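First comes the structure, then the notes that go with it.
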Amino acid sequence: MSRKIRNSKPKTRASRRSTPKPTSDAKRRHPAGNQVKTTANNDYAVLERINDGIVIFDREMNYAFVNKRGGELLGRQPGELIGKNYWQEYPEAKGTPFANAYLQALETQQPIAFEDYYAPWDRWFENRIYPSRDGMVIFFTEITERKRAERLLKAELQVLEKISSGSPLAEILATIVLNIEALSRETLASILLLDPDGIRIRYGAAPHLPGDYNRAIEGALIGPQAGSCGTAMYHRKPVIVADIETDPLWDNYRELARQHGLRACWSTPVMSSDGTVLASFAMYYREPRSPAREDLTLIERATHLAQIAIERKRAEEQVAQQLQRISALHAIDKAIASNMELHRTLNSILEHVVIQLGVDAAAAWLVNSASNRLELAAKHGFRGGGIPHLSLKPGEDYAGQAVHERHLVSIPNLKEAERPLNQAYLANGEEFVAYFGVPLIAKGEVNGVLEVFRRAPFAPPADWLEFLATLAGQVAIAIDSAQLLAGLERSNFNLTLAYETTIEGWSRALDLRDKETEGHTQRVTETTLRLARAAGMAEDELAHVRRGALLHDIGKMGVPDHILLKPGKLTDEEWEHIRQHPVFAYELLSPIEFLQGALAIPYCHHEKWDGTGYPRGLKGEEIPLAARLFAVVDVWDALRSDRPYRQAWPEDEVFEHIRTLAGTHLDPAAVELFLKVMNRAG
């Protein structure tokens, strides 16, 4: 701005030319004078209507003009600043990026636009500086909220990257906490997990809370007066304690908080998508304090991120647990099929029962048909000599009750039970607190009882009880197999059917997750089996081909939904993640002995005959035959099926395209066989 600044308001060029000062008569004769004054006033009125703060300085950095918005941002009335010197009014500004920019603009006479953090006020501003020989004009506005949102978004992306990359839950939760602390000054943040028992607190992440404090609350019970976090999880709603010293919720923990200088704590429960409590997120302060609007935003985002992280990890754990359980069932099946002596078979099964159910001990009882009494047949996990070889009548004790009533006897806490556990179980300091007994039923007949014990209260989830029933079925099968060898073949068939049903369930789940390929798995499985039979594969190989085809895209379980289901074009990084799904499939399935023979298709179906495929770049006959056959069928089904982004190809074009891929992407012999099987040869 080139106008000279004087008396708070710059003169217009017209006013500088108007010398000497006109008289009233002159003004009447020359109405331009009135017009100039009116124009100047209009200029200032316009400046007052601008939403930016506006300041005009002279060369010595004295305030010549401040609009109303500028005064609000500076925390002063505009009239208070006019004629005052910037350096005297705001001495704390010296050395800041803002002051340096003002001096630079005056020196270089070049406009400067920038945004930066003003530490003395803990705020962000955007400045546009327009210098002149007489001073400078500055337009400025506060952008603290925008910067806070940008930093919050960056923090969220960092957390989501860790989630998608499979980082440990403890690391992800610590990242959430540290980012919140960086965004909110003087905050000590924490995430506490709710134990699977639903009543105890477990450490999640609180890197800057005192270690002694974290250790003191580890394992604490949630309840209606359990501090902020325990109460929030108990009532399933936020708990804001602005002053720990006076709030009754902290009566039981006030001295602990006082020892570590904690004066305020706001806690919000982290809820799962189905409404169960997963954890709590808390913000602590060393002075009494209530949350501001921006604090509530941080709490909302932190709890949402914690929910995503915990649910994702628990889903992964559930998948891994299901795979382990299937593997255990297969191992039990092998123990049964090996036709070992019954006592050895039961001991082997009980070992799996204790490990897979996470219990402390297990016992198997058999019905002696001659005496019509229950007799202890095997036990695992007991201290010392364990329980003696008892004999019970049907209906006697909890084991007899399970036989008599033919259903599960569940006692999550024996201290609250109507009658105590048999004293024989309490010998050698067993200290059992939870008990579950399942009748062993085979062919409609009760032939025993499976008992499991825990040394702590335990309210089991539904899937745990279902697996207990499954294991009880396995024990019943083992007993029945030992007693009736003729039933072994049927039992093995049922087990295999259970495995196949589970695999088909996984396959359907994958189709449901990826709507674009719904029904694809069943079609390619059936057609690949036709092709494999035509290739001369044996029946046992065909079973592996079927399982591999059903599970060909199981690795996509490792691909985050925001990539797999993305409606738009994928980035190179996202494509690279998609291309890893065969590796994910191998890592998921290879530990399962039952599926060792089925790995070829899930691991290799994206390899290409010319070596340009992935994940390993196999070439020619390095690619397993099953994968080569499947690759042809996969292309065929994909092209002949509708997709949201294109219609299905006509059949003739599909087969012609497959012919063109022979020798590059596809095995020429496999293509020839496929065309023959599909009656398209020649």
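Following the working numbering, the numbering of the sequence shown begins with 391 at its first residue and continues without gaps. Heads up, the beta-carbon is just placed ideally off N, CA and C, and yes, glycines get one too. The structure displayed is predicted, hence computed values, not measured ones.
Using 8 angstroms as the threshold, is the segment 525-533 in touch with the segment 457-468, meaning 3 or more CB pairs across them?
-> yes
Please classify G790: is it buried, with 16 or more other beta-carbons within 10 angstroms of its beta-carbon, or exposed?
-> buried
Can you list, in chain order, the residues of its chain whose CB lies under 6 angstroms from that of D1000, leaving out five sequence neighbours each side?
-> T1054
Length-filtered (4 minimum) alpha helix (DSSP H) runs lying within the segment 743-818 = 787-795
Could you spell out where the alpha helix (DSSP H) holding W1039 opens and where it closes?
-> Looking at the DSSP string, W1039 is not in any alpha helix (DSSP H), and its letter there is neither H nor E.
Taking C-beta to C-beta, are L1065 and H1047 nearer than 9 angstroms?
-> no
Does DSSP classify V1023 as helix, strand or coil?
-> helix
What residue does the beta strand (DSSP E) around I1013 start on, and which one ends it?
-> Here I1013 belongs to no beta strand (DSSP E), and DSSP marks it neither H nor E.
Taking buried to mean at least 16 other C-beta atoms within 10 Å of its own C-beta, is Q746 buried or exposed?
-> buried
Check F848 in the structure and name its three-state DSSP category.
-> coil
Mind reading off the beta-carbon distance from S618 to A696? Whole number of angstroms is fine, and I expect it under 8 angstroms.
-> Actually they are not in contact, since the Cβ atoms of S618 and A696 sit about 16 angstroms apart, beyond 8 angstroms.
Where DSSP assigns a beta bridge to G827, which residues make up the other side?
-> V799 and E841
Could you spell out where the beta strand (DSSP E) holding M661 opens and where it closes?
-> A654 to M661
Excluding sequence positions up to five away, which residues of its chain have a Cβ less than 6 angstroms from the Cβ of S717?
-> I982
List the endpoints of the continuous beta strand (DSSP E) containing I595.
-> It is Ala, not Ile, that sits at residue 595 in the sequence shown. Segment I591 to A595, the beta strand (DSSP E) holding A595.
Among G838, R1006 and G987, which has the Cα closest to the Cα of H996?
-> R1006
Proximal residues to A678 (C-beta, below 7 angstroms), its chain only, five neighbours per side dropped | Inspection of the sequence shows that residue 678 is occupied by Pro rather than by Ala. So the qualifying residues of the chain are A632, D633, R653 and A654.
Does the separation of the CB atoms of I1013 and L941 fall below 9 angstroms?
-> no
Can you check whether the CB of L985 is closer than 9 angstroms to the CB of R913?
-> no
Give the straight-line distance between the Cα atoms of H797 and Y825, rounded to the nearest whole angstrom.
-> 14 angstroms
Selection from F772, L921, L542 and D664 that minimises the alpha carbon distance to S574 = L542
Do the CB positions of G819 and E841 come within less than 9 angstroms of each other?
-> no
In the segment 529-617, which residue ranges form an unbroken alpha helix (DSSP H) of at least 4 residues, counting only runs that do not cross its ends?
-> 534-554, 559-573 and 601-607
Rounded straight-line distance, which links the Cα of P501 to that of Q494 | 10 angstroms
Give the DSSP-derived three-state secondary structure of E450 in the structure shown.
-> coil
Alpha-carbon to alpha-carbon, L550 and D442 | 36 angstroms
Looking only at its own chain, which residues have a Cβ that is under 6 angstroms from the Cβ of P1058, when we skip the five neighbours before and after it?
-> A1052
Close Cβ partners of D1027 (< 8 angstroms) along its chain, the five nearest in sequence each way excluded | H910, R913, V914 and T917
Opposite I700 in the DSSP bridges: which residues?
-> BP columns for I700 are empty, so no partner.
Helix, strand or coil: how does DSSP classify V629 here?
-> strand
Which word fits G948, buried or exposed, when buried means at least 16 other C-beta atoms lie within 10 angstroms of its C-beta?
-> buried
What do you get for A753, buried or exposed, if any count of 16 or more other CB atoms within 10 angstroms of its CB means buried?
-> buried
What number of angstroms, rounded off, separates the C-alpha of A868 from the C-alpha of F1020?
-> 38 angstroms
How would you label K956, buried or exposed, when you count the other beta carbons within 10 angstroms and need 16 or more for buried?
-> exposed
Contact test: H797 Cβ vs the ligand FAD heavy atom, cutoff 8 angstroms | This structure lacks the ligand FAD, and indeed carries no ligand of any kind.
Does the segment 550-559 come within contact of the segment 658-675, defined as at least 3 CB pairs closer than 8 angstroms?
-> no
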